[in-house]
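Trainee:
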Amino acid sequence: MPTSPVNPRPRHASSPFMAQPEPVVEEFAVDDRVCHDSYGLGRVIGVDSTGATVDFSSATVRIATPFRKMTKL
97 MPTSPVNPRP RHASSPFMAQ PEPVVEEFAV DDRVCHDSYG LGRVIGVDST
147 GATVDFSSAT VRIATPFRKM TKL
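Written out as structure tokens, the structure is:
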């Protein structure tokens with residue numbers, strides 16, 4: 097009778113069977129309201145292929161893609 101091992105076999109990080117899904121890069125448009133982990137609430141004032149310029153109440157900041165710390169409201 098087969099038994100399952102107490103400790104499962106280790107898996108390699110580069111295994112194609114454990115491939116992580118590609119992170120979805122959120123797209124922003126001018127006048128979108130956003131929330132940033134460090135800067136708080138803001139409004140997008142410019143967008144191009146490499147990032148977005150966001151006007152937060154305290155400063156205007158350029159955020160590069162991918163926007164890991166920023167979400168659209």
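For the sequence shown, the working numbering begins at 97 and goes up steadily by one.
Cβ atoms here follow ideal geometry from the backbone N, Cα and C, with glycine treated the same way.
(1) On the premise that ALA160 lies in contact with THR146, defined as a C-beta separation below 8 Å, what is that separation, rounded to the nearest angstrom?
(2) Give the single residue among SER134, LEU137, ASP133 and VAL157 whose Cα lies nearest to the Cα of VAL143.
(3) Tell me whether the beta-carbon of GLU122 lies closer than 8 Å to the beta-carbon of PHE163.
(4) Give the straight-line distance between the Cα atoms of ALA109 and SER154, rounded to the nearest whole angstrom.
(5) Under a three-way DSSP split, which group does PHE152 fall into?
(6) Under DSSP, the beta strand (DSSP E) around ASP144 begins and ends at which residues?
Mentor: With the given structure in hand:
(1) That belief holds up - the Cβ atoms of THR146 and ALA160 are roughly 6 Å apart, short of 8 Å.
(2) Ranked by Cα distance from VAL143, the first of SER134, LEU137, ASP133 and VAL157 is VAL157.
(3) Closer than 8 Å, so yes.
(4) Cα atoms of ALA109 and SER154: separation of roughly 42 Å, rounded to the nearest angstrom.
(5) In the structure shown, PHE152 sits in a strand (DSSP, three-state: E or B).
(6) Where ASP144 is concerned, the enclosing beta strand (DSSP E) stretches over 136-144.
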